[in-house]
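S.K.: Residue numbers for the sequence shown follow the working numbering, beginning at 104 and rising by one.
We put the CB at the ideal spot given by N, CA and C, even for glycine.
The model shown is predicted, which means the values in this text are computed figures rather than measured ones.
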Amino acid sequence: MKQLSALQQYGVVTANYWAFTLTDGALRMLVVFHFHQLGYSTLEIAFLFLFYEFFGIVTNLTGGWLGARFGLRLTLWAGTLLQVAALLLLIPVADSWPKGLSVLYVMGAQAISGIAKDLNKMSAKSAIKTVASEGQLFRWVAILTGSKNALKGVGFFLGGVLLTVLGFNQAVAAMAAGLFLSFLGTLILPADIGRMKQKPAFTALFSQSATINTLSLARFFLFGARDVWFVVALPVFLEATLGWRFWEVGAFMGLWVIGYGVVQGSAPALRRAWGQQRPPGAADLSFWSALLTAIPALIAIGLWRQVAHPAVAVVGGLVAFAVVFAMNSSIHSYLVLATSDAEAVSLNVGFYYMANAAGRLLGTLLSGALFLVGGLPLCLWASSALVALAWLSTQRLKTA
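(1) In the structure shown, what three-state DSSP assignment does Thr-267 receive?
(2) Smallest Cα separation from Leu-421: which of Gly-114, Tyr-143, Val-360 and Asp-221?
(3) Hey, Phe-154 and Gly-217 are a contact pair by Cβ (cut 8 Å); roughly how many whole angstroms apart?
(4) With distances taken from CA atoms, which of Thr-317, Val-209 and Ala-189 is nearest Ala-197?
(5) Rounded to a whole number of angstroms, what is the C-alpha to C-alpha distance between Leu-489 and Pro-338?
(6) Measuring CA to CA, which of Ala-403, Asn-431 and Arg-408 is closest to Val-418?
(7) Ignore the nearest five residues each way along the sequence and tell me which others in Ala-472's own chain have a CB closer than 6 Å to its CB.
(8) Going straight from the alpha carbon of Trp-484 to that of Leu-290, what length do you get?
(9) Quick one: give me the first and last residue of the alpha helix (DSSP H) that Ala-429 is part of.
(10) Shortest alpha-carbon distance to Trp-332 belongs to which of Pro-399, Ala-386 and Phe-286?
(11) Tell me the rounded alpha-carbon separation between Trp-407 and Pro-480.
(12) For Lys-224, collect the residues of the same chain with a Cβ closer than 7 Å to its Cβ; drop the 5 residues on either side in sequence, then sort them by chain order.
(13) Any chance you could list the alpha helix (DSSP H) runs of at least 4 consecutive residues sitting entirely within the stretch 130-203, in chain order?
(14) Can you tell me where the alpha helix (DSSP H) with Ser-108 in it begins and where it stops?
(15) DSSP three-state label for Pro-382, please.
(16) Using the Cα positions of Ala-321 and Ser-199, report the straight-line distance between them to the nearest angstrom.
(17) Around the C-beta of Gln-213, are 16 or more other C-beta atoms found within 10 angstroms, so that it is buried, or is it exposed?
(18) From Ala-90 to Thr-124, what distance separates their C-alpha atoms?
(19) What does the alpha-carbon distance come out to for the pair Phe-150 and Val-334?
(20) Quick one: any contact between the stretch 460-475 and the stretch 376-383, if contact means 3 or more CB pairs under 8 Å?
(21) Just to confirm the assignment, what range does the alpha helix (DSSP H) spanning Leu-337 have?
(22) Assuming Gln-367 is part of the alpha helix (DSSP H), what are its boundary residues?
(23) Can you have a look at Ser-108 and say buried or exposed, based on whether 16 or more other CB atoms are within 10 angstroms of its CB?
(24) Between the Cα of Gly-357 and those of Ala-461, Phe-260, Arg-374 and Val-366, spot the shortest distance and give me the residue it belongs to.
(25) Out of Thr-442, Trp-350, Leu-222 and Ser-319, state which residue places its alpha-carbon closest to the alpha-carbon of Asn-459.
(26) Can you find the residues in the same chain that come closer than 6 Å, C-beta to C-beta, to Leu-341, ignoring five residues on each side of it along the sequence?
(27) Quick one: measure Cβ to Cβ for Arg-329 and Phe-428, integer angstroms, because I've assumed they're closer than 8 Å.
(28) Among the candidates Phe-349, Ile-315 and Phe-355, whose CA atom is the shortest distance from the CA of Leu-440?
(29) Does Pro-480 come out as helix, strand or coil in the three-state DSSP assignment?
(30) Starting from Ile-291 and walking both ways along the alpha helix (DSSP H), at which residues does that stretch end?
(31) Tell me which same chain residues have a C-beta within less than 6 Å of the C-beta of Ala-425, skipping the five on either side of it?
(32) If you draw a straight line from the alpha carbon of Lys-251 to that of Ser-389, how long is it in whole angstroms?
(33) Can you check whether the CB of Val-115 is closer than 7 Å to the CB of Leu-373?
(34) Which of the three DSSP states is assigned to Leu-500 in this structure?
(35) Look at Ala-491 and Thr-396 and say whether their C-beta atoms are less than 7 Å apart.
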C-alpha cells in the first residue's frame, strides 16, 4: 500500500477525532438530562462522571507512554473501540433499575468512556507534532482543537435531540454504530506513527520538563474553572431555574461550545489580524488568563444583584467567557507541542492532558456540590478563583 502523506495522515486522524467527539458530547447531554429526569440530584449526577474523569487522569498518564512505545495508531484504535463498548454497555439501562445499581453501572460505563476519550485525544494531538512542520504547527493544532470543540457543541445539541426523538437506549445504540464506521477509516494509518525509536522506560511518563509541568498546572486550574459551572450546574440551572426545555439547553450549550471551537480554530488568524505575527508565548498566556478571571465574577455579581433578565446576564457573560477561554486553550495547546521534542511528544502530551483531566474531575465534583450549596453564582465565584490560580501558574513560564 502506498505510504500516506503527512496531510493524509492528519486528515484520517482528524476525521476519527471528529466522529469520536460527536459521540462524547452527545453522551454527556444524554446522561445529564436522562438522570435529571429520573429525579437525581446535581451531586448524584456529578458522581456519574466521577470515574469518567478519574480514569481520564490515569489514561493520560499512561497513554502517552503507550503511544511512544507502541505507536499512536494502536492507542487511537483502542480509544475508539473502547468508546463503542461503553456506548453498547449503556443500551440496557432502564428506568426501573434501583438507583444504586444505576449509579454504579453508569459510573462503570463512563469509566470506559473516560479511558477511551483520553486515549483518542492524546493520540490525535500527539500525531500532529509528528506530521506538521514548525511553520504549520500552530495552525494545525488550532484547526484540530477548534473543530473538535465545535463538533462537541454539535454533539451536545445532538444529545438533546436524540433523547427527545429516540430515547436514551436507542440513542446510545445509534452512536455506537456510527463510531464503529469511523474506526474502519483508521485502518490505513501507518503502524509506526508516533513510536519512539528507543523504547521509553515506564518512569518516563512523568514529565522532566519544568515548562511542561508549569503548563500542566495552569491547565489543571483552567479546566477546573470551566467545568465547575459547565458540567452540571449550568444545564440544571437553565432547565430548573429558567424553565428551558431539554433541547433548548442542549442547543445553547452546543452553540456555546461551537462558538468556543470556532474562536479556538481561528486563533492564528485573529492574532494576525491584531498585528501579532509571531507564535504566541508566555506573555500572551498571562494576558488572556488575567482577562478571563474577571468574567465569571461579573456574571455572579449580576445574578447576586438580581438583574431583571438573568438569562441575558448568564448567556451574554458566558459568550464572553467562551471567547477568552478559547484563546487561552488554543495558546496552551500550541505551547505544549512547541516546547516538546518530536520523539517524546506523546509522553509530554499525555502528562499535560492528565492535568487537564484532573482539573475536569475537580470541576465536575465542585459543580454538583457547590450548586447544592449556593447555586450557579457560587459555582461562578469558584470559577473565577480557579482562573486566578491558572494565571498565577503562568507567571513561572520562561518561554518567549
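M.R.: On the basis of the supplied data:
(1) What you label residue 267 is simply residue 164 of the sequence shown in a count that begins at 1. Correct three-state label for Thr-267: helix.
(2) As a working mapping, residue 421 is identified with position 318 in the sequence shown. With distances taken between Cα atoms, Leu-421 lies closest to Val-360.
(3) Along the sequence shown, read from residue 1 onward, the residue named residue 154 stands at position 51. Along the sequence shown, read from residue 1 onward, the residue named residue 217 stands at position 114. With a beta-carbon spacing of about 6 Å, Phe-154 and Gly-217 fall inside the 8 Å limit used to define contacts.
(4) Here residue 197 refers to the residue found at position 94 when the sequence shown is read from its first residue. Checking every option, the nearest Cα to that of Ala-197 belongs to Val-209.
(5) Stepping through the sequence shown from its first residue, residue 489 is reached at position 386. Stepping through the sequence shown from its first residue, residue 338 is reached at position 235. Near 20 Å, if we compare the C-alpha coordinates of Pro-338 and Leu-489.
(6) Stepping through the sequence shown from its first residue, residue 418 is reached at position 315. Ranking the options by Cα distance to Val-418, first place goes to Ala-403.
(7) Looking up residue 472 in the sequence shown gives position 369. If we look at Ala-472 and ignore the five residues flanking it on each side, its Cβ neighbours are Leu-146.
(8) The sequence position of residue 484 within the sequence shown is 381, counting from 1. The sequence position of residue 290 within the sequence shown is 187, counting from 1. Taking the straight line joining both Cα atoms gives about 46 Å.
(9) What you label residue 429 is simply residue 326 of the sequence shown in a count that begins at 1. Boundaries of the alpha helix (DSSP H) around Ala-429: 413-441.
(10) Residue numbering aside, residue 332 sits at position 229 when the sequence shown is read from its first letter. Of the listed residues, the one whose Cα sits closest to Trp-332 is Pro-399.
(11) One-based indexing of the sequence shown puts residue 407 at position 304. One-based indexing of the sequence shown puts residue 480 at position 377. Here the C-alpha atom of Trp-407 lies approximately 7 Å from the C-alpha atom of Pro-480.
(12) Indexing the sequence shown from 1 puts residue 224 at position 121. Excluding its 5 nearest sequence neighbours in each direction, Lys-224 has C-beta neighbours in its own chain below 7 Å: Tyr-456, listed in chain order.
(13) Within the stretch 130-203, the alpha helix (DSSP H) runs of at least 4 residues that lie entirely inside it are, in chain order, 145-151, 153-173 and 175-192.
(14) Residue mapping note: residue 108 aligns to position 5 of the sequence shown, counting from 1. From DSSP, Ser-108 is part of no alpha helix (DSSP H); its letter is neither H nor E.
(15) Start at 1 with the first residue of the sequence shown, and residue 382 comes out as number 279. Of the three classes helix, strand and coil, the one that applies to Pro-382 here is coil, per DSSP.
(16) Translated into positions along the sequence shown, residue 321 becomes position 218. Translated into positions along the sequence shown, residue 199 becomes position 96. Taking the straight line joining both Cα atoms gives about 43 Å.
(17) To locate residue 213, count along the sequence shown from 1; it is residue 110. By the neighbour-count definition (other C-beta atoms within 10 Å, threshold 16), Gln-213 is a buried residue.
(18) What the structure shows of the chain is the stretch from 104 to 503, and residue 90 is not part of that stretch, so it cannot be assessed.
(19) On the sequence shown, residue 150 is found 47 positions in, with the first residue counted as 1. On the sequence shown, residue 334 is found 231 positions in, with the first residue counted as 1. Between Phe-150 and Val-334, the C-alpha separation is close to 11 Å.
(20) In short, these stretches do not touch, since the Cβ pair count stays below three.
(21) Counting from one through the sequence shown, the residue named residue 337 turns up at place 234. That run of the alpha helix (DSSP H) goes 336-339.
(22) Taking the sequence shown and counting its residues from 1, the one referred to as residue 367 is at position 264. Here the alpha helix (DSSP H) through Gln-367 covers 349-368.
(23) On the sequence shown, residue 108 is found 5 positions in, with the first residue counted as 1. Classification of Ser-108: exposed, given that the 10 Å Cβ count is below 16.
(24) Here residue 357 refers to the residue found at position 254 when the sequence shown is read from its first residue. Distances from the CA of Gly-357 to each of Ala-461, Phe-260, Arg-374 and Val-366 were compared; the closest alpha carbon is that of Phe-260.
(25) Working through the sequence shown from its first residue, we reach residue 459 at position 356. Comparing Cα positions, the closest option is Ser-319.
(26) Position 238 of the sequence shown, counted from the start, is the residue given in the question as residue 341. Annotation for Leu-341: Trp-347 and Val-352 place their beta carbon closer than 6 Å to its own, counting only its chain and skipping 5 residues before and after.
(27) Locating residue 329 in the sequence shown gives position 226, counting from the first residue. Locating residue 428 in the sequence shown gives position 325, counting from the first residue. 6 Å between Cβ atoms; contact.
(28) In the sequence shown, counting from the first residue as 1, residue 440 sits at position 337. Taking only the C-alpha atoms, the option nearest Leu-440 is Ile-315.
(29) Residue mapping note: residue 480 aligns to position 377 of the sequence shown, counting from 1. Residue state, collapsed to three classes: helix.
(30) Position 188 of the sequence shown, counted from the start, is the residue given in the question as residue 291. It is not in any alpha helix (DSSP H) - Ile-291 carries neither H nor E in the DSSP assignment.
(31) Position 322 of the sequence shown, counted from the start, is the residue given in the question as residue 425. Cβ-Cβ distances below 6 Å link Ala-425 to Trp-359, Gly-362 and Tyr-363 in the same chain, with the five nearest sequence neighbours on each side left out; the list follows chain order.
(32) The count along the sequence shown starts at 1 and reaches residue 251 at position 148. The count along the sequence shown starts at 1 and reaches residue 389 at position 286. Straight-line spacing of the CA atoms in Lys-251 and Ser-389 works out to 24 Å.
(33) Counting from 1 along the sequence shown, the entry for residue 373 is found at position 270. Counting from 1 along the sequence shown, the entry for residue 115 is found at position 12. The answer is no: Cβ separation not under 7 Å.
(34) Walking along the sequence shown from the start, residue 500 turns up at place 397. Three-state DSSP puts Leu-500 in coil, outside helix and strand.
(35) In the sequence shown, the residue the question calls residue 491 occupies position 388. In the sequence shown, the residue the question calls residue 396 occupies position 293. Yes; because the gap between Cβ atoms is below 7 Å, this pair is in contact.
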